[in-house]
Amino acid sequence: MTTRIRETRPASFWPLAIVFALFVLFMYGPMFVIFILSFQGPEGGLTFPMRGVSLHWFAKLAEGLGVVDIGAALWRSLGLGLAVMLCTVVLSVLAGLAFRKRLAGGNTLFFIVVASLIMPSIIVSLGIGLEFRLIDNGIKAVLEWLGMESALEGYGTSLGLFTSALGAHLTWTLPFGLLIMFAVFNRFNPAYEEAARDLGATPWQGFAHVVLPLIAPSVVGIGMFGFTLSWDEIARTSQAIGDVNTLPLELQGLTSTVTTPSIYALGTLTTVVSFVVMGITLALVWALGRRRKGHSG
Amino acid sequence: MSMTTTPSLPAAAVPGRTIAAWWQAAPFTLVFALFFLTPLTLIVMVSFWDFNEYELLPGFTFKNYVSIFAGCGDASEGLCVTLKTYYSTLKFSFLVWLITLVIGFTVAYFLAFHVRSSGMQTLLFVLCTIPFWTSNVIRMISWVPLLGRNGLVNQTLMGMNLIETPIEWLLFSDFSVVLAFVHLYTMFMIVPIFNSMMRIDRSLIEAASDSGASGWQTLWNVIVPLSRTGIIIGSIFVITIVMGDFVTIGVMGGQQIASIGKIIQVQTSYLQFPLAAANAVILLAVVLMIIWGLTRLVDIRKEL
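In structure tokens, the structure reads:
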């Protein structure tokens, strides 16, 4: 129980360490299983034993799974993820700066953000879906009223990747972004900014040359949060996406129809993308941190 | 812009700064107004509308709510569909909450109080968070080769001659749903509880042990109350996720198990938006009551 250093480990250490090890095994075990099974030989099935080792199921995946165009879904998810990342970074940083000053209604805004974070996603998704359908109805009514028959016939829906789906994702990523900004600015020393102001820097110069370099690693972190949360998001997108689907939504559909290891190959592929994003982010954070040290040293 | 700010004045005292703050927060606020507040208002509004096969019919009717609770008043018939679904959803929420709380608390406790070097602490913490960054669906289906009829667990048990025929309830059952939830969301418990524990002043624990408290007494009377905030935050996360879920229950339950989220999803796919909206309003009310109760419960205990 004691935390004093240089004492023998308390009796509870080893049982707890074993629990922790089992937990880690529980977290990683199944993922390793599908990683291994995605290299199943051509005759192999969804379960062990392995019948040879091959890239067969990755090749099958490249050919497409049934009617689903995996490549297109992948690009859609990437595009949406990047848009969400960009918006999350810009809006969170701006809001984070605003919250440092006296912000009338700041408490209410914070309450709304927290409410969005803990709101069951299906409700948000349904609401956004409804909103855009009502907008559709409105636009159609206006077109009809204007007598623009041809435009009316060509009109599909305002639901889409970069309208409703983007908004749905932002209600999920922005709360995380804002909370990270709070954590950052809680530890931020305003003396640097004051020094910049004393030296005659404009607010913009102060931000661009002093604040931004200092918070850069966290800003990159917010970007990573934005991208990966969007990349895996299903529940908030489900009712708010319109005609096309993102990769996780396609994947969810495939779980009940695809009965070959191709689906594991797809799993391995999306996991690799997540890890590549994480790797790039960590490398960036590391480089930014190093540059900062280099400057001050 | 730079000319108006005198360097010697503190930021908040400069006139015009408050307005500037609002411009900075405006895009952020706008997103929540457009994609959170408006949709919620519309849900409540549309839940009182009527509908037919083609379109929504604006109006004011209790029809949707009445049809959701149709047959619920008759006790002799057993539970109606809606109450049954809520019972099953609440059962999952409670089970998952209990299990993730126990595991999450234990793991966070180990990391916060038993791992001594802060480097090791960070490393192990990051190790726990990595799976969180991979796709949820992938993490769900990764149980299939383990739990399936011909899965690893059944193969092993049969190889050891412990069972004659494969165990059927491992996959596409209540068991697999709870297992997947625990696998997916224990992280939401670990992070806030660990966060709370790291803020506990270590001298309090020393004081407890100096005053003769046993390990369990310190745990129960010092650490648990001081981790309260983390426990509540984690619980709210896990419970709201499970209450609204339709993906995990769908995939891991083999599309056989009902949940409120799934009902809403099915109704929207049949374009029964007012019905789905009414269900969403009820779900929201239930979730808010749980959150309210949760914060109540712990606050009262704190005062005792």
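Residue numbers (the numbering used here), protein chains in the order written: chain B, 294 to 590; chain U, 91 to 394.
We put the CB at the ideal spot given by N, CA and C, even for glycine.
What you are looking at is a predicted structure, and each value in this text was computed from that prediction instead of being measured.
Reference residue i, options the options, closest by Cα
i: residue 380/U; options: 148/U, 253/U, 328/U, 168/U; result: 328/U
i: residue 289/U; options: 318/U, 248/U, 148/U, 197/U; result: 318/U
i: residue 461/B; options: 309/B, 550/B, 504/B, 373/B; result: 373/B
i: residue 224/U; options: 526/B, 490/B, 434/B; result: 526/B
i: residue 333/B; options: 317/B, 321/B, 322/B, 350/B; result: 350/B
i: residue 158/U; options: 195/U, 215/U, 172/U, 164/U; result: 172/U
i: residue 326/U; options: 377/U, 185/U, 135/U; result: 377/U
i: residue 337/U; options: 326/B, 545/B, 559/B; result: 545/B
i: residue 162/U; options: 153/U, 152/U, 174/U; result: 174/U
i: residue 177/U; options: 252/U, 196/U, 373/U, 386/U; result: 373/U
i: residue 424/B; options: 493/B, 450/B, 491/B; result: 450/B
i: residue 309/U; options: 323/U, 287/U, 324/U; result: 287/U
i: residue 405/B; options: 298/U, 128/U, 357/U, 145/U; result: 128/U
i: residue 323/U; options: 355/U, 281/U, 299/U; result: 281/U
i: residue 293/U; options: 151/U, 135/U, 189/U, 312/U; result: 312/U
i: residue 392/B; options: 452/B, 476/B, 528/B; result: 476/B
i: residue 305/B; options: 197/U, 351/U, 131/U, 164/U; result: 197/U
i: residue 182/U; options: 263/U, 228/U, 358/U; result: 263/U
i: residue 559/B; options: 227/U, 253/U, 386/U; result: 227/U
i: residue 564/B; options: 541/B, 481/B, 385/B; result: 541/B
i: residue 119/U; options: 401/B, 313/B, 360/B, 346/B; result: 401/B
Beta carbon of residue i nearer than 7 Å to that of residue j
i: residue 404/U; j: residue 283/U; result: Examination of residue 404/U is not possible in this model, given that chain U is present from 91 through 394 alone.
i: residue 279/U; j: residue 191/U; result: yes
i: residue 522/B; j: residue 438/B; result: no
i: residue 419/B; j: residue 366/U; result: yes
i: residue 328/B; j: residue 389/B; result: no
i: residue 235/U; j: residue 339/B; result: yes
i: residue 353/U; j: residue 369/U; result: yes
i: residue 274/U; j: residue 260/U; result: no
i: residue 330/B; j: residue 485/B; result: no
i: residue 515/B; j: residue 582/B; result: no
i: residue 147/U; j: residue 141/U; result: yes
i: residue 215/U; j: residue 201/U; result: yes
i: residue 232/U; j: residue 483/B; result: no
i: residue 334/U; j: residue 415/B; result: yes
i: residue 407/B; j: residue 519/B; result: no
i: residue 539/B; j: residue 369/B; result: yes
i: residue 272/U; j: residue 343/U; result: no
i: residue 354/B; j: residue 555/B; result: yes
i: residue 125/U; j: residue 432/B; result: no
i: residue 499/B; j: residue 509/B; result: no
i: residue 242/U; j: residue 341/B; result: yes
Below-7 Å beta-carbon distance, residue i vs any chain U residue
i: residue 376/B; result: no
i: residue 433/B; result: no
i: residue 419/B; result: yes
i: residue 320/B; result: yes
i: residue 555/B; result: no
i: residue 503/B; result: no
i: residue 574/B; result: no
i: residue 446/B; result: no
Closer than 7 Å at the beta carbon, the chain D residues around residue i
i: residue 241/U; result: The structure shown contains no chain D; its protein chains are B and U.
Neighbour flag for residue i against chain B, beta carbons, 7 Å
i: residue 333/U; result: yes
i: residue 114/U; result: yes
i: residue 315/U; result: no
i: residue 282/U; result: no
i: residue 198/U; result: no
i: residue 349/U; result: no
i: residue 225/U; result: yes
i: residue 190/U; result: no
i: residue 125/U; result: yes
i: residue 238/U; result: yes
i: residue 186/U; result: no
i: residue 139/U; result: no
i: residue 232/U; result: yes
Start and end residues, alpha helix (DSSP H) containing residue i
i: residue 143/U; result: That residue, residue 143/U, is in no alpha helix (DSSP H); it is neither H nor E in DSSP.
i: residue 311/U; result: Unbroken run through residue 311/U: none, as it is neither H nor E.
i: residue 323/U; result: 318-334
i: residue 278/U; result: 264-288
i: residue 313/B; result: 306-330
i: residue 541/B; result: 540-547
i: residue 302/B; result: Segment: none, residue 302/B is in no alpha helix (DSSP H) and carries neither H nor E.
i: residue 300/U; result: 292-300
i: residue 133/U; result: 128-136
Every unbroken alpha helix (DSSP H) inside the stretch 179-258 of chain U [4 residues or more]: As far as the stretch 179-258 of chain U is concerned, its whole alpha helix (DSSP H) runs of at least 4 residues are 208-219, 226-231, 234-237, 242-249.
Minimum length 4: unbroken alpha helix (DSSP H) runs contained in the stretch 440-513 of chain B: Here the runs fully enclosed are 442-447, 459-479, 484-491, 496-499.
Contained alpha helix (DSSP H) runs [length at least 4] in the stretch 350-406 of chain B, N- to C-terminal order: Entirely contained in the stretch 350-406 of chain B, the alpha helix (DSSP H) runs reaching 4 residues are, in chain order, 363-393.
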